[in-house]
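K.L.:
Sequence order for the protein chains is P and E.
In terms of our numbering, the first sequence opens at residue 1 and continues consecutively.
In terms of our numbering, the second sequence opens at residue 1 and continues consecutively.
Protein chains: 2
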Amino acid sequence: MHSFPPFLLAAPDAHAFAALLLVLGALIAATKLLGELAQRVGQPAVLGELLAGILLGGSVLGVLDPADPVLHAFAEMGVLILLFEIGLHTDLRALARVGSTALTVGGVGVLLPFVGGVVVAQALGVALMPSIVIGAALTATSIGISARVLSELGQLSSPEGQVVIGAAVLDDVIGLIILSIVASLVGGAALTAGGVVGTAGPAIGFVVVAVALGSVAVPPLFRLVAGIQLTGALGVIALGFALLLAWLADAVGSAMIIGAFAAGLILHPTPQRKEIEASATQLGYFFVPIFFASVGAQVELAALASRDALLIGGALVAVGIAGKVAAGYAPWWFRGNKLLVGVAMVPRGEVGLIFAQMGLAAGVLTPSLFGALMLMVIVTTFVTPPLLGSIVKRLPPDAMAAPDQSGIDDLVAGSTRRRRGTPHG
Amino acid sequence: MHSFPPFLLAAPDAHAFAALLLVLGALIAATKLLGELAQRVGQPAVLGELLAGILLGGSVLGVLDPADPVLHAFAEMGVLILLFEIGLHTDLRALARVGSTALTVGGVGVLLPFVGGVVVAQALGVALMPSIVIGAALTATSIGISARVLSELGQLSSPEGQVVIGAAVLDDVIGLIILSIVASLVGGAALTAGGVVGTAGPAIGFVVVAVALGSVAVPPLFRLVAGIQLTGALGVIALGFALLLAWLADAVGSAMIIGAFAAGLILHPTPQRKEIEASATQLGYFFVPIFFASVGAQVELAALASRDALLIGGALVAVGIAGKVAAGYAPWWFRGNKLLVGVAMVPRGEVGLIFAQMGLAAGVLTPSLFGALMLMVIVTTFVTPPLLGSIVKRLPPDAMAAPDQSGIDDLVAGSTRRRRGTPHG
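1) Ignore the nearest five residues each way along the sequence and tell me which others in proline 130 of chain P's own chain have a CB closer than 6 Å to its CB.
2) Measure the Cβ-Cβ separation of serine 142 of chain P and proline 289 of chain P and say whether it is below 7 Å.
3) If you count every other CB in all the chains shown that lies within 10 Å of the CB of lysine 338 of chain E, and 16 or more means buried, which is it?
4) Would a check of beta-carbon distances place glutamine 282 of chain E closer than 7 Å to chain P?
5) Count the other CB atoms within 10 Å of the CB of lysine 393 of chain P; is the residue buried (16 or more) or exposed (fewer)?
6) If you count every other CB in all the chains shown that lies within 10 Å of the CB of threonine 231 of chain P, and 16 or more means buried, which is it?
7) Are the beta-carbon atoms belonging to valine 237 of chain P and valine 252 of chain P less than 7 Å from one another?
8) Check whether the Cβ of lysine 393 of chain E lies closer than 7 Å to any Cβ atom in chain P.
9) Have a look at valine 23 of chain E and phenylalanine 355 of chain E and give me their C-alpha separation to the nearest angstrom.
10) Starting from tyrosine 285 of chain P, find everything on chain E with Cβ-Cβ shorter than 8 Å and list it in chain order.
11) Taking only runs that begin and end inside the region 365-390 of chain P, name each unbroken beta strand (DSSP E) of 3 or more residues, in chain order.
12) Going by beta-carbon coordinates alone, are leucine 316 of chain E and alanine 372 of chain E separated by less than 7 Å?
13) Chain P beta carbons: is any one of them nearer than 7 Å to that of valine 208 of chain E?
14) Could one say the Cβ of alanine 18 of chain P lies closer than 7 Å to chain E's Cβ atoms, at least one of them?
15) Starting from the beta carbon of valine 70 of chain P, find every residue of chain E whose beta carbon is closer than 7 Å, and list them in chain order.
16) Please report the Cβ distance between glutamate 435 of chain E and phenylalanine 17 of chain P, rounded to the nearest whole angstrom; I am assuming they are in contact, meaning their Cβ atoms lie under 8 Å.
17) By alpha-carbon positions, which one of P/Ile378, P/Gly106, P/Leu156 and P/Lys32 ends up nearest to alanine 426 of chain P?
18) Helix, strand or coil for arginine 394 of chain P, going by three-state DSSP, please let me know.
19) Please classify lysine 32 of chain P as buried or exposed, where buried requires at least 16 other C-beta atoms within 10 Å of its C-beta.
20) Chain E beta carbons: is any one of them nearer than 7 Å to that of isoleucine 228 of chain P?
21) Tell me whether valine 164 of chain P is buried or exposed, calling it buried when 16 or more other Cβ atoms sit within 10 Å of its Cβ.
22) For chain E, is any of its Cβ atoms less than 7 Å away from the one on isoleucine 28 of chain P?
23) Against chain P, with Cβ distances strictly below 7 Å, would glutamine 405 of chain E count as a contact?
24) Report the neighbours of lysine 32 of chain E on chain P: residues whose CB is nearer than 7 Å to its CB, in chain order.
25) Mind listing the chain P neighbours of glutamine 468 of chain E? Cutoff is C-beta to C-beta under 8 Å, in chain order.
26) For the alpha helix (DSSP H) containing alanine 327 of chain P, list its first residue and its last residue.
27) Can you find a C-beta in chain E that's less than 7 Å from the C-beta of glutamate 36 of chain P?
28) Between glycine 106 of chain P and chain E, is the shortest Cβ-Cβ distance under 7 Å, so that the two count as touching?
29) If you draw a straight line from the alpha carbon of phenylalanine 241 of chain P to that of arginine 93 of chain P, how long is it in whole angstroms?
30) Check whether the Cβ of glycine 314 of chain E sits closer than 6 Å to any heavy atom of the ligand ADP, and report yes or no.
31) Less than 6 Å between C-beta atoms, sequence neighbours within five positions excluded: which residues of the same chain meet that for phenylalanine 291 of chain P?
32) Cβ of phenylalanine 62 of chain P within 7 Å of Cβ of glutamate 49 of chain P?
33) Examine chain E for any beta-carbon lying closer than 7 Å to the beta-carbon of alanine 246 of chain P, and answer yes or no.
34) Output needed for valine 299 of chain P: all residues of its chain with C-beta closer than 7 Å, excluding positions within five of it in sequence on either side, in chain order.
35) Starting from threonine 281 of chain E, trace the alpha helix (DSSP H) in both directions and tell me its first and last residue.
36) Which runs of the beta strand (DSSP E) at least 3 residues long sit entirely within the region 45-79 of chain E? Give them in chain order.
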């Protein structure tokens with residue numbers, strides 16, 4: 001059957017690409033179908049996409065390998081585009097207004113789960129080093145899942161939504177610092193104050209410098225770009241800008257998604273935003289579900305099959321949820337719905353998986369501790385969309401913002417009802 | 001600088017992906033800028049994208065490596081989306097009406113350059129085996145470049161455009177057969193009639209069977225898909241269908257681009273076409289220029305630096321252009337512009353490069369013969385857009401179709417003027 005040389009670019013292995021097409025096709029079918037089903041039973045579409053990933057991943061069908069370099073690149077494009085869209089949708093001044101609230105939620109939401117995780121693990125007989133890895137894995141919120149769900153519920157521009165975005169970005173920055181510290185500890189290095197500052201500095205500094213410089217330099221640049229008459233060029237150039245900032249963020253020791261988010265923040269006030277959003281939205285329809293399916297595909301159901309995993313995992317789930325929900329109540333002065341904020345911070349997703357895999361690879365975590373963390377990641381990720389949904393449903397009508405028509409809520413997140421000209425189907 | 005573990009999916013090498021973002025950013029900037037420049041001097045944008053590829057490729061800056069698996073996948077996605085768009089835009093009945101014309105142009109356009117190439121090479125002292133490889137490399141039109149240029153000129157739905165698309169698809173099928181025969185010859189195998197039929201059968205049969213079955217089964221399926229309320233799902237599912245057909249085409253021994261084209265043909269008559277086109281168009285803005293830049297990046301300017309390469313290459317350019325232009329005049333009954341048809345068949349692009357690289361890798365072609373083929377590919381590719389532009393300009397006004405408003409001409413090809421709300425720039 002495969003006797004033909006590939007009839008395209010002369011690449012090392014074009015039949016491998018053909019095989020990938022089958023995976024992509026299955027991934028598209030599964031994410032869209034399960035996303036639709038999730039919506040029909042009143043759940044956010046992202047839940048269906050995560051389930052599609054578990055289904056296609058190594059635990060069940062074994063079709064989707066999230067470590068495949070090409071699929072990985074598509075998934076990364078997905079999360080970068082998602083964060084770019086979230087940034088585009090975020091008004092820096094609105095974010096600044098909730099700054100102290102977000103700072104408090106983010107800070108407390110890192111501290112409580114970390115301390116709680118270490119204490120609980122120690123109490124259950126886990127040694128100190130794996131306990132620290134477990135505590136660290138409990139810290140960072142998966143901004144992708146939270147933002148996507150908030151967007152689907154029309155809550156991304158609400159005060160609660162802004163607090164969550166701000167706190168989750170902060171979480172990512174803190175998580176980055178913790179990750180580098182834990183990685184050194186796991187690697188056997190000594191912890192020095194200089195080392196911590198050396199890693200924390202660029203991670204925090206990047207956003208500040210990028211947004212400050214970008215807000216001055218970029219709007220005039222995009223006035224020029226708007227003069228380009230090539231159809232579709234503006235949106236793709238804006239995406240290129242986001243990819244370059246993502247690269248820069250990685251190069252200076254921050255996170256790629258922070259760079260993409262900063263690019264969105266910078267472009268938010270430009271008159272070209274609507275067109276940029278529309279373009280990013282369409283690309284997001286394709287790329288973003290690949291990211292969530294990849295997150296799902298990293299879940300190893302087999303790692304849960306031990307008494308210890310279930311016992312410790314259950315305790316970590318409790319700590320993980322309680323710590324973030326409590327963090328939502330930490331800013332006592334905040335007049336929005338504190339439960340909504342806290343619950344939105346619960347999902348750990350891909351970030352928790354990185355800690356778990358790092359710990360397993362370094363031999364610090366036993367397979368059953370790895371399974372426990374996996375359980376924590378699964379439950380916190382999957383419990384959030386339905387919980388948020390029911391909280392938003394019980395909001396007073398005036399707080400029930402309609403899905404934002406300005407872009408992301410309606411289009412980007414691939415969630416709300418599609419406007420159709422003809423009533424077939 | 002790179003002391004941080006990547007803060008995303010736990011992949012083998014996320015910093016490698018970060019490095020790729022820089023390449024993608026540079027590629028977007030270069031293709032959009034040079035595409036715009038090309039348009040401003042009255043040339044098709046695709047010319048600028050090809051030039052951007054040469055500039056970024058190994059010959060000049062060395063930034064863009066078209067053999068990188070991820071970039072290769074993006075480029076393949078680009079050509080698949082392009083062919084899917086072309087298929088969406090192609091009315092099968094209109095194509096059938098010009099069937100015998102397209103068949104004649106395609107057949108003669110393979111025969112003349114092949115025979116001409118072998119004869120010229122032999123006359124210039126080249127041995128038989130490399131002469132056959134050279135002749136084969138002269139046969140297949142790069143449908144991507146021709147279709148894109150025709151689309152930019154608003155000629156994709158004209159009778160000439162339909163003939164070119166039909167003939168170029170036929171070319172690809174014949175080219176596939178020739179490629180497999182030449183690959184066996186180069187590999188030292190004997191040529192048998194059974195082998196030729198065995199490869200030709202599926203290559204030709206696939207389109208017929210896929211379109212026949214698909215036209216019956218797919219419209220009801222997409223009536224169901226249209227019932228999905230998830231925003232943006234329809235367009236992405238249609239793309240998934242194209243990717244699956246591309247995979248299937250490859251699996252049965254046809255070409256991936258033929259599968260994507262067939263998917264477009266099948267979806268053309270459905271009521272969902274407009275929405276599917278709009279989605280493919282937006283994805284195309286991102287992916288398609290990556291394909292053309294990759295084609296450009298495969299050009300090795302150094303391979304041209306020999307007297308033999310220039311001499312033989314010059315002769316091959318003459319044969320390559322003359323053979324295809326003559327093929328345009330072969331269907332004497334055709335009342336459209338025969339010169340337009342012939343010139344549109346001239347570019348060899350990526351297909352010619354595959355033959356050249358295969359011959360070089362097998363040791364059949366010397367470096368200077370490889371350089372000669374490279375020159376043929378470069379000149380036939382780069383000479384076509386401006387030639388077509390000037391032919392279309394001299395058409396009588398009634399034949400000067402306005403850029404088609406139904407989709408591809410205006411949006412997909414990224415060529416015509418962007419409608420802007422505000423007149424800045």
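Every residue, glycine too, gets a C-beta built ideally from N, C-alpha and C.
These numbers come from a predicted model, not from an experiment.
P.N.:
Taking the coordinates as given:
1) Take proline 130 of chain P, set aside five residues on each side of it, and the residues of its chain with a beta-carbon closer than 6 Å to its own are Val364, Leu365 and Leu369, in chain order.
2) no
3) buried
4) yes
5) exposed
6) buried
7) Note on residue identity: the sequence assigns isoleucine, not valine, to residue 237 of chain P. No, the pair does not count as a contact, with Cβ atoms beyond the cut-off.
8) no
9) 27 Å
10) Listed along chain E, the residues sitting closer than 8 Å to tyrosine 285 of chain P by beta-carbon distance are Thr231, Gly232, Ala233, Gly235, Val236 and Ser279.
11) none
12) yes
13) no
14) yes
15) What valine 70 of chain P touches in chain E: Pro69, Val70 and Ala73.
16) Because chain E in this structure spans residues 1 to 425, residue 435 of chain E falls outside the shown range and cannot be described.
17) Not covered by the structure: residue 426 of chain P. The range shown for chain P is 1 to 425.
18) Arginine 394 of chain P sits in coil when the DSSP states are folded into three classes, being neither helix nor strand.
19) buried
20) At least one chain E Cβ lies under 7 Å of isoleucine 228 of chain P.
21) In this structure valine 164 of chain P is buried. Its beta-carbon is surrounded by 16 or more other beta-carbon atoms within 10 angstroms.
22) yes
23) Confidence is the limiting factor: at glutamine 405 of chain E the pLDDT is only 36, short of 50, which leaves the residue's position unreliable and the question unanswerable from this model.
24) Ile228, Leu230, Ala233, Val236 and Ile237
25) Past the boundaries of the shown model lies residue 468 of chain E; chain E is included only from 1 to 425, so the question cannot be answered.
26) 307-329
27) yes
28) no
29) 22 Å
30) Of the ligands one can find in the structure shown there are none, so the ligand ADP has no counterpart to examine.
31) Ala75, Gly78 and Val79
32) Correcting the residue identity first, residue 62 of chain P is glycine in this sequence and not phenylalanine. No, the pair does not count as a contact, with Cβ atoms beyond the cut-off.
33) yes
34) Excluding positions up to five away in sequence, the list reads Ile54, Gly57, Ser59, Met374 and Ile378.
35) 273-297
36) none
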